[in-house]
Each structure stands twice: as structure tokens, then as C-alpha cells.
Amino acid sequence: ADLSKLLDKLVIRYQKADNPEFENRLELLRNRIDSIDSELLEILASRVEIVKQIGKYKKEHNVTALQINRWSQLMESRIKLGQKLDLNEALVKTFFQLIHEDSVRMQTEIMDSE
Numbered sequence: 010a011d012l013s014k015l016l017d018k019l020v021i022r023y024q025k026a027d028n029p030e031f032e033n034r035l036e037l038l039r040n041r042i043d044s045i046d047s048e049l050l051e052i053l054a055s056r057v058e059i060v061k062q063i064g065k066y067k068k069e070h071n072v073t074a075l076q077i078n079r080w081s082q083l084m085e086s087r088i089k090l091g092q093k094l095d096l097n098e099a100l101v102k103t104f105f106q107l108i109h110e111d112s113v114r115m116q117t118e119i120m121d122s123e
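The following block contains the structure:
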């Protein structure tokens with residue numbers, strides 16, 4: 010009985026649609042994604058440059074790379090903004106954790122350099 014219910018719900022999906030209109034629309038949407046991904050990477054590169062400046066500034070003033078209060082404020086504000094934008098909270102958290110970890114790594118490298 011359970012197997013028949015499962016089979017009734019089974020939907021066969023195809024690797025490709027044999028429909029040129031569908032393929033054209035899908036290609037347009039994917040091109041938009043590609044463009045946005047390029048913009049994201051350019052923005053990330055700009056952020057990295059600012060992180061490096063912050064690392065140099067902290068080094069000059071003998072301040073630690075990891076600022077716990079700043080990190081807490083950043084996460085709280087980014088999660089709230091993500092919620093307003095209807096983004097998955099786990100995605101926002103993971104995204105900014107990765108960015109922050111790399112920022113701290115870069116700043117630490119700058120501080121440890123001559």
C-alpha cells in the first residue's frame with residue numbers, strides 16, 4: 010500500500026525539454042544568473058580590497074584581526090536584512106561566516122607580514 014502511494018506521487022522529470030521556446034527562455038534566465046554571478050564576484054573583490062586596508066590599519070594600531078562585537082553586529086544585521094529580502098537564513102549565515110573567516114585570515118596574514 011505504501012509503495013503504491015509512493016509510485017502514485019512519482020513524477021518523471023526529463024533532463025531536457027524537447028521545446029525550443031522553453032530552451033530559449035531557460036538560456037535567457039541562465040544568462041541573467043551568469044551576469045549576476047559576475048557582479049557578485051566583482052563586489053566580493055571590492056570587499057577584499059577594503060578588508061586588506063582594514064588589516065593594514067589594524068596592524069598600524071596594533072589591534073587584533075578578530076573583533077567579536079563587530080562580528081556579532083554584522084551577523085545580526087545581515088540576518089535581519091536577509092529576512093527582509095526573503096532569503097534562507099542558513100544561506101545568509103553560511104555565506105557571511107565564509108566571508109568573515111576569509112577576512113580574518115587575510116587580515117591575520119597582513120598583520121603577521123613584515
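Residue numbers (my numbering): 10 to 123.
We treat Cβ as the ideally placed atom computed from N, Cα and C, and that holds for glycine.
The structure displayed is predicted, hence computed values, not measured ones.
Express the C-alpha separation of R22 and L38 in angstroms, rounding to a whole number.
Here residue 38 is taken as the residue at index 29 of the sequence shown, counted from 1. Here residue 22 is taken as the residue at index 13 of the sequence shown, counted from 1. Rounded to whole angstroms, L38 to R22 spans 20 Å at the Cα level.
Using a Cβ-Cβ cutoff of less than 8 Å, which residues in the same chain neighbour P29 once the five nearest sequence positions on both sides are dropped?
Counting from 1 along the sequence shown, the entry for residue 29 is found at position 20. Taken in chain order, the list of residues that qualify is empty.
From Q92 to S86, what distance separates their C-alpha atoms?
The count along the sequence shown starts at 1 and reaches residue 92 at position 83. The count along the sequence shown starts at 1 and reaches residue 86 at position 77. About 10 Å.
Where are the alpha helix (DSSP H) runs, 4 residues long or more, that stay fully inside the segment 11 to 41, in chain order?
11 to 18
Compute the distance between the beta-carbons of V60 and M115, then report whether it is under 7 Å.
One-based indexing of the sequence shown puts residue 60 at position 51. One-based indexing of the sequence shown puts residue 115 at position 106. In contact: V60 and M115 (Cβ atoms closer than 7 Å).
Neighbourhood of L75 by C-beta, 6 Å cutoff - its chain only, sequence neighbours within 5 removed:
Walking along the sequence shown from the start, residue 75 turns up at place 66. Once the five neighbours on either side are set aside, the close Cβ partners of L75 are V113.
Determine, using beta carbons only, whether K65 and I119 come nearer to each other than 7 Å.
Locating residue 65 in the sequence shown gives position 56, where the first residue counts as 1. Locating residue 119 in the sequence shown gives position 110, where the first residue counts as 1. Yes; because the gap between Cβ atoms is below 7 Å, this pair is in contact.
Supposed close pair L83, F105 - CB separation, criterion 8 Å
Locating residue 83 in the sequence shown gives position 74, where the first residue counts as 1. Locating residue 105 in the sequence shown gives position 96, where the first residue counts as 1. Rounded, the Cβ-Cβ distance is 7 Å, consistent with contact.
Rounded C-alpha distance that separates R41 from D17:
The count along the sequence shown starts at 1 and reaches residue 41 at position 32. The count along the sequence shown starts at 1 and reaches residue 17 at position 8. So the two alpha carbons sit approximately 36 Å from each other.
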